[in-house]
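Take a look at the structure below.
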Amino acid sequence: MGILPPAESNEATSPNDGFHPLEKPYQSPPKLAVELRTPEDLIAKAIAPVKVEYLRPPPSRTALTAKVEGGADNDAAERKTTTSGVIKEKKSKRQLKKERKQEQKSALHICSEVAKCGKADGCRFGENCRFNHDIAAFLAQKPADLEGVCPFVTFEELCPYGITCRFLNTHKEHTPESCDISKKSSEINVLKKDLQKLLWKNKFSFPKADYQLKVLGLKGGKSTNSKAGNGQLDNNPEKSDVLNDLHADEVDDTCISADETRCSPLEAAEKEFSSVVSGFDESRPLKKVKSLVDGHVNDNPSEATYVGTSEQRNDIPETNFLDGRDGASSNRMCSSKSHLNLKPHSREKKLIDFSRKLYLAPLTTVGNLPFRRICKTLGADITCGEMALCTNLLQGQASEWALLRRHSSEDIFGVQICGAYPDSVARTVELIDQHCEVDFIDINMGCPIDIIVNKGAGSSLLTKPMRMKSIIQAASGTTVVPLTIKVRTGFFEGRNRIDSLISNIYDWGAGAITVHGRSRQQRYSKLSDWNYIYQCTNKAPADLQVLGNGDIFSYCDYNKHMSDCPELSTCMIARGALIKPWIFTEIKEQRHWDISSSERLNIIRDFVNFGLEHWGSDTKGVETTRHFLLEWLSYTHRYIPVGILDIIPQRLNWRPPSYFGRDDLETLMASDSAADWIRISEMLLGKVPESFTFAPKHKSNAYDTAENG
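Mapping of the sequence shown onto the UniProt record's numbering: position 145 corresponds to residue 145, and the numbering continues sequentially without gaps.
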């Protein structure tokens with residue numbers, strides 16, 4: 001099935017011996033402008049200094065895409081639409097609904113229960129089932145099986161996808177006696193149906209979070225998910241109202257009911273907490289709750305906080321926030337001699353030592369579970385799930401809960417959440433604390449994405465230090481696992497402010513902080529400011545672990561940062577791992593790995609196998625695996641092999657020129673064309689469906705065109 005066989009040798013060859021499979025044999029062109037420059041001149045322009053014998057003219061896009069079969073190239077499809085001038089008519093909701101019903105009646109939409117056991121009468125709904133039960137018709141229209149072995153064939157149980165598996169010919173020949181086939185998975189943190197229904201109906205209680213919000217003087221309502229009761233799941237988090245219904249900006253100066261008008265907010269919180277705890281189901285373990293209620297409220301006024309309305313906040317000087325001293329809330333907090341305290345003692349929290357451990361950053365879209373497994377096999381010590389939005393988790397969205405899944409190989413694992421207000425973050429932390437197995441929880445306060453920033457979350461919090469304080473205090477007082485924070489240097493370029501807040505961040509309850517050496521305005525352009533990261537590290541308290549992040553692409557970069565600032569705990573590796581996940585091996589073995597194309601293909605093959613095990617081996621799982629593989633390949637093509645560079649190591653901001661690899665496969669992997677990425681996927685997952693298109697989700701770059709010329 002493969003288009004190109006893996007290369008057996010990685011020895012340097014002439015460009016004429018290994019030309020691109022979609023190009024004519026290489027003919028030595030007249031001297032290129034790049035050839036006339038020295039490697040130092042190229043580096044000054046942020047161009048990778050590739051050896052002259054491997055350089056080639058940029059390939060013609062028209063010539064390349066004209067030979068792609070089946071319209072597989074997204075660029076070709078876009079050109080076809082542009083030249084013809086035909087605009088695709090938008091379908092109405094009625095038309096879409098009609099098409100969905102027709103698809104459900106199609107023979108390919110076979111009932112999952114029937115597919116598992118291979119019997120037409122295996123579905124408990126019988127004739128009332130809305131899916132197809134005709135096994136013969138399904139097998140007649142099913143796409144051909146793929147080469148390879150079913151990823152579940154090594155399990156004791158049979159494949160959970162039954163006859164829909166694209167590796168059906170490798171299944172055992174006997175048919176199971178019953179239809180009770182469960183997928184033996186090594187993944188945990190799976191959303192259970194009963195919990196999802198509670199979240200949908202907004203009936204899940206958050207006693208610890210609500211109590212902590214009351215203790216801090218914040219108004220904590222009963223609900224933060226206005227869509228929880230409709231049962232509608234929006235699989236695209238960017239299209240959902242992720243943070244519209246959060247409201248924790250006011251002080252609860254009065255009690256909720258008429259009977260409590262003379263009670264302080266703290267006393268009302270105690271009564272509410274006691275009533276909720278007394279109504280707990282006895283089958284639910286109360287170990288965490290019990291360990292949190294045998295303490296007292298700290299009478300230190302610095303523990304109090306004041307978060308008023310927008311008009312009230314304008315009247316509060318900035319120094320009150322830094323000191324945490326507010327007269328009204330301090331008096332209320334000190335009015336009682338003995339109160340319950342939900343904030344666990346420091347000895348009750350499990351501590352994580354990040355020192356000198358290789359930390360794979362939480363990466364949106366590409367930092368999925370199969371990719372994290374790849375990085376674990378290549379030497380990563382700590383992994384973290386993709387950023388999950390608090391409101392989507394509280395609404396029980398299955399697509400968002402999938403970001404919290406953890407593989408058994410991830411021995412030190414954390415999840416990253418993002419929210420704009422303390423009530424949603426605190427409740428999400430309590431939810432994760434009760435129903436997930438994680439080693440730490442990271443709050444993203446540095447995400448530069450517009451849709452997140454416009455809702456008041458991510459890096460928008462860098463402009464609202466009082467909000468940062470409320471979120472960190474509410475979250476740290478609710479969870480028993482370590483809490484970490486990820487930030488950028490500031491919101492605007494040239495206005496860094498984390499160094500002035502880092503001591504306070506520790507006082508509010510964070511155990512570690514990761515500083516990305518760019519502002520929100522910079523996004524990923526220009527170089528990371530490591531001098532400022534060192535400055536923040538030196539100003540941090542001794543017990544606060546500081547991690548640096550930005551532009552680490554070799555073991556030399558890692559060694560330099562750790563030696564320049566010994567107080568730095570470790571470095572978080574993000575895009576460097578996307579482009580070459582074997583960077584963890586290079587750091588541990590202290591070498592530049594001149595990896596061959598066949599070794600890189602084996603890593604990609606492992607990702608495909610992990611993806612089929614994670615997303616499924618049926619047609620839907622195969623195409624989902626292909627999609628995330630293509631997203632990853634949109635980064636890996638930026639890697640330049642060590643053997644063809646004039647100067648090593650490669651820098652993250654270097655732009656690779658057009659060059660030949662040392663064999664056909666290496667040349668194909670260096671292509672920046674989506675058509676070639678699709679061809680690589682076809683080597684492992686078969687031909688793409690008809691009219692298949694792909695466009696990378698992330699288009700951020702590491703170099704500023706205006707600056708680098």
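Heads up, the beta-carbon is just placed ideally off N, CA and C, and yes, glycines get one too.
The Cβ neighbour count for residue 126, taken over all protein chains shown within 10 Å, is under 16; the residue is labelled exposed. The residue among 683, 429, 377, 413 with its C-alpha nearest the C-alpha of residue 389 is 429.
Here DSSP, grouped into helix, strand and coil, assigns residue 171 to coil. The continuous beta strand (DSSP E) containing residue 442 extends over residues 440-445. In the DSSP assignment, residue 486 falls within the unbroken beta strand (DSSP E) covering 483-488. Relative to the Cα of residue 210, the nearest Cα in the group 133, 598, 475 belongs to 475. According to the DSSP secondary-structure assignment, residue 573 is paired through a beta bridge with 360. The continuous stretches of alpha helix (DSSP H) do not include residue 514, which lies in the beta strand (DSSP E) extending over residues 512-516. Between the stretch 658-672 and the stretch 625-632 there are fewer than three inter-stretch CB-CB distances shorter than 8 angstroms, so the stretches are not counted as touching. When rounded, the separation of the alpha-carbon atoms in residue 124 and residue 110 is 14 angstroms. Residue pairing of residue 406 in beta bridges, as defined by DSSP: 188.
Apart from sequence neighbours up to five positions away, the residues of its chain that approach residue 534 with a beta-carbon distance below 7 angstroms are 564, 565, ordered along the chain.
With a 10 Å radius around the Cβ and a threshold of 16 neighbouring Cβ atoms, residue 386 comes out buried.
If you draw a straight line from the Cα of residue 423 to the Cα of residue 404, it is about 20 angstroms long.
Under the 10 Å beta carbon count, residue 102 is surrounded by fewer than 16 other beta carbons and is classified as exposed. Taking all protein chains shown into account, residue 518 has 16 or more neighbouring C-beta atoms within 10 Å of its C-beta and is therefore buried. Here DSSP, grouped into helix, strand and coil, assigns residue 386 to strand. In the DSSP assignment, residue 504 falls within the alpha helix (DSSP H) that extends over 498-508. Assigned with DSSP and collapsed to three states, residue 686 falls in coil, not helix or strand.
In the structure shown, the three-state DSSP call for residue 548 is strand. By the CB criterion at 8 angstroms, residue 472 and residue 505 fall inside the cutoff.
Residue 589 is classed as exposed because its beta carbon has fewer than 16 other beta carbons within 10 Å across all chains shown. When DSSP states are grouped into helix, strand and coil, residue 608 belongs to the helix group. Assignment of beta-bridge partners to residue 110 by DSSP yields 132. The way I'd put it, the stretch 397-416 does touch the stretch 368-379; three or more beta-carbon pairs between them come closer than 8 angstroms. DSSP, reduced to helix, strand and coil, places residue 655 within a strand of the structure shown. Less than 8 angstroms divides the Cβ of residue 585 from the Cβ of residue 378. The DSSP-derived three-state label of residue 47 is strand.
For residue 148, there is no enclosing alpha helix (DSSP H), as DSSP gives it neither H nor E.
For residue 694, there is no enclosing alpha helix (DSSP H), since its DSSP letter is neither H nor E. Residue range 207-215 is occupied by the alpha helix (DSSP H) that includes residue 215, with no beta strand (DSSP E) assigned at that position. The stretch 476-483 makes contact with the stretch 433-440; the number of CB pairs closer than 8 angstroms reaches 3 or more.
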